[in-house]
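Sequential numbering from 48 applies to the sequence shown in the numbering used here. No residue lacks a Cβ here, since even glycine has one placed at the ideal position from N, Cα and C. Quick caveat, the model's predicted, so the values are computed rather than measured. Written out below as structure tokens is the structure these notes cover.
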Amino acid sequence: MAEDLERFARGERTSVGPPPNVAWRWALVGALVIGFVALALVDPRRGTLPPPSPSASAATRASVRPTPARVVLRKGTRPGEWLNAIDGAVLVRVEPATFQMGHDEYQNSGPARLVTLTRPFLIAKYEVTWRQYDQFCEATEREAPSRTIKRGERYTLVAKPDMPVFNVTYADALAYCAWTGARLPTEAEWELAARGTDGRDYSGGNAPVSHEGWTLNADSDAVHSMGDRYPSTSPVGSFPAGVSPAGCYDMCGNVWEMTSDYWKNHYPPGPATDPVGPPRPSEGLVQRTIRGGSWVSAVQGSRTYSRFHHAETRRDTRTGFRIVMDVPQED
Numbered sequence: 048m049a050e051d052l053e054r055f056a057r058g059e060r061t062s063v064g065p066p067p068n069v070a071w072r073w074a075l076v077g078a079l080v081i082g083f084v085a086l087a088l089v090d091p092r093r094g095t096l097p098p099p100s101p102s103a104s105a106a107t108r109a110s111v112r113p114t115p116a117r118v119v120l121r122k123g124t125r126p127g128e129w130l131n132a133i134d135g136a137v138l139v140r141v142e143p144a145t146f147q148m149g150h151d152e153y154q155n156s157g158p159a160r161l162v163t164l165t166r167p168f169l170i171a172k173y174e175v176t177w178r179q180y181d182q183f184c185e186a187t188e189r190e191a192p193s194r195t196i197k198r199g200e201r202y203t204l205v206a207k208p209d210m211p212v213f214n215v216t217y218a219d220a221l222a223y224c225a226w227t228g229a230r231l232p233t234e235a236e237w238e239l240a241a242r243g244t245d246g247r248d249y250s251g252g253n254a255p256v257s258h259e260g261w262t263l264n265a266d267s268d269a270v271h272s273m274g275d276r277y278p279s280t281s282p283v284g285s286f287p288a289g290v291s292p293a294g295c296y297d298m299c300g301n302v303w304e305m306t307s308d309y310w311k312n313h314y315p316p317g318p319a320t321d322p323v324g325p326p327r328p329s330e331g332l333v334q335r336t337i338r339g340g341s342w343v344s345a346v347q348g349s350r351t352y353s354r355f356h357h358a359e360t361r362r363d364t365r366t367g368f369r370i371v372m373d374v375p376q377e378d
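Written out as structure tokens, the structure is:
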């Protein structure tokens, strides 16, 4: 019997069970342990189990909506270019500069003033595409917006993966930026990247690349009426003659591009250093500034100083965005 008890205490199988008094003691110990565990878990104020810890909740959310823990920027194949490893965006470096921003004779674009940006930044060579935005939606379990464009009564066009995303709100653009570790450009950053320091009217120079692609007055039922072969948006980078001094494509036309600045229909007079727009939105509908014109803009509305207002909650087929990032410290 003593040998059987020793084997039982070690958890080994025995030929006979423990004597009744031993079994009773083991049962009592087990009941006490269970009771103490239950008391430790129960919230005495509510009589319920406590909620998961913040770290546990965060871990659960992260597993459902994955967000990159760290953005990896690596140098591109060309000097001054960087590659965002999250969405594959190629970004170009823009150096600090003083330049003329705005235009005195164009609606909502004045007064012209000298602006100085004191810090370099990286801006995407291309507008965010449907391919990139679809990857974002899949990674974050968001519903992708519609990519169709109605042309008149007879045609519905569907944007291809390499065309710029549209039908996104300002909040959508911010969420994408957070996913990539990026942000939206300020108006001043956008204009320096598009215009450079020589004050040009269009990103490719002082004349538009072509008048054929602007469709403001085109017959909306004539899908093939434009000489550039694109009845709506075009694949990003389709017009190399329009590349900006910084090396960015499609900054005049294709889609309007969101900036981080609140809208105001004029600039403050006088020189400015690192301007960021009005500190708060105007009364009424909250609107941000968009830049550069779109595939339905008149040629005069697609200049480097063209600007317009866009409600934060609005979705349309004419407005998208491109990302900006800070220059890595090691660069």
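Opening and closing residue of the alpha helix (DSSP H) in which residue i lies
{"i": "residue 306", "result": "It is not in any alpha helix (DSSP H) - residue 306 instead sits in the beta strand (DSSP E) that spans 303-309."}
{"i": "residue 187", "result": "177-187"}
Contacting residues, own chain, Cβ-Cβ under 6 Å from residue i (five flanking each side not counted)
{"i": "residue 332", "result": "358"}
{"i": "residue 300", "result": "340 and 349"}
{"i": "residue 237", "result": "306 and 338"}
Residue i, enclosing beta strand (DSSP E) - first and last residue
{"i": "residue 130", "result": "128-131"}
{"i": "residue 202", "result": "202-205"}
{"i": "residue 347", "result": "Taken as a continuous stretch (DSSP letters only), residue 347 belongs to no beta strand (DSSP E), as it is neither H nor E."}
{"i": "residue 28", "result": "In the structure as shown, the chain starts at 48 and stops at 378, and residue 28 therefore has no counterpart that could be examined."}
{"i": "residue 334", "result": "334-338"}
{"i": "residue 371", "result": "371-373"}
Cβ neighbour criterion (16 or more within 10 Å) applied to residue i
{"i": "residue 316", "result": "exposed"}
{"i": "residue 239", "result": "buried"}
{"i": "residue 172", "result": "buried"}
{"i": "residue 125", "result": "exposed"}
{"i": "residue 154", "result": "exposed"}
{"i": "residue 175", "result": "buried"}
{"i": "residue 360", "result": "exposed"}
{"i": "residue 318", "result": "exposed"}
{"i": "residue 169", "result": "buried"}
{"i": "residue 252", "result": "exposed"}
{"i": "residue 121", "result": "exposed"}
{"i": "residue 353", "result": "buried"}
{"i": "residue 247", "result": "buried"}
{"i": "residue 308", "result": "buried"}
{"i": "residue 375", "result": "exposed"}
{"i": "residue 321", "result": "exposed"}
{"i": "residue 250", "result": "buried"}
{"i": "residue 302", "result": "buried"}
{"i": "residue 164", "result": "buried"}
{"i": "residue 73", "result": "Residue placement at residue 73 cannot be trusted, given a pLDDT of 47 that sits under 50; the coordinates are not used to answer."}
{"i": "residue 367", "result": "buried"}
Close-in-space but distant-in-sequence residues of the same chain around residue i (CB under 8 Å, 5 per side omitted)
{"i": "residue 79", "result": "In this prediction, residue 79 scores a pLDDT of 48, lower than 50, which makes its location untrustworthy; the coordinate-derived value is nonetheless stated afterwards. Hits under 8 Å: none found."}
{"i": "residue 181", "result": "191 and 208"}
{"i": "residue 158", "result": "149, 151, 313, 314 and 316"}
Coarse secondary structure for residue i, derived from DSSP in three states
{"i": "residue 323", "result": "coil"}
{"i": "residue 144", "result": "strand"}
{"i": "residue 231", "result": "coil"}
{"i": "residue 173", "result": "coil"}
{"i": "residue 120", "result": "strand"}
{"i": "residue 284", "result": "coil"}
{"i": "residue 222", "result": "helix"}
{"i": "residue 289", "result": "helix"}
{"i": "residue 161", "result": "strand"}
{"i": "residue 153", "result": "coil"}
{"i": "residue 198", "result": "strand"}
{"i": "residue 217", "result": "helix"}
{"i": "residue 100", "result": "Low confidence applies here, because residue 100 scores a pLDDT of 38, under 50, leaving its location unreliable and the question unanswered by this model."}
{"i": "residue 299", "result": "coil"}
{"i": "residue 51", "result": "Because residue 51 sits at a pLDDT of 41, beneath the cut-off of 50, its placement in the model cannot be relied upon, and the following sentence gives the value as read from the coordinates. Correct three-state label for residue 51: helix."}
Cut-off 7 Å between Cβ atoms - residues of its own chain near residue i, not counting five sequence neighbours on either side
{"i": "residue 312", "result": "155"}
{"i": "residue 144", "result": "164, 239 and 244"}
{"i": "residue 86", "result": "With a pLDDT of only 39 at residue 86, under 50, the local geometry of the prediction cannot be trusted, and the value read off the model is given with reservation. Here the set comprises nothing."}
Cβ-heavy atom distance, residue i to the ligand FAD, below 7 Å
{"i": "residue 372", "result": "For the ligand FAD, the structure offers nothing, since it holds no ligand at all."}
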